[in-house]
Amino acid sequence: LSTLASELARSEYLAVKVPNWLMSGALALGRMRIQSLCGFDIDKLTPEQHVGNSFIPALFLHGRQDDFIGPHHTENLYAAYTGDKEL
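Under our numbering, think of the first position of the sequence shown as 41, with each following residue one higher.
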């Protein structure tokens, strides 16, 4: 999640680029708030580390013209997945 947020902060979707120190602070504050309200740590939401434990067939999709979320996120999940898969 922090990687995605950092990528979006540096993207052309924002009129003003968010400095790394500000992004780090905002993510830390959000992480603490979510942990206190929901009881889990968003830094432990790491799909790439858990997708390898799944064994059901999976289809990984990414829009060719999607310039909001980079295709490397889908490609990383696909590479880590150990079950039957198609890209």
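Glycine residues also receive a C-beta, built at the ideal position from the N, C-alpha and C atoms.
Of the listed residues the options, nearest to residue i (C-alpha basis)
i: residue 17; options: 127, 45 and 53; result: The structure shown does not extend to residue 17, since the chain spans only 41 to 127, so no value can be given for it.
i: residue 114; options: 101, 107, 106 and 105; result: 101
i: residue 51; options: 120, 109 and 119; result: 109
i: residue 64; options: 47, 54 and 119; result: 47
C-alpha distance - residue i paired with residue j, whole-angstrom precision
i: residue 125; j: residue 97; result: 6 Å
i: residue 42; j: residue 74; result: 14 Å
i: residue 60; j: residue 86; result: 21 Å
i: residue 90; j: residue 122; result: 10 Å
i: residue 37; j: residue 67; result: No answer is possible for residue 37: the residues shown for the chain start at 41 and end at 127.
i: residue 112; j: residue 99; result: 15 Å
Coarse secondary structure for residue i, derived from DSSP in three states
i: residue 57; result: coil
i: residue 52; result: coil
i: residue 44; result: helix
Residues near residue i in its chain [Cβ-Cβ closer than 6 Å; skip 5 each side]
i: residue 58; result: 49
i: residue 81; result: 75
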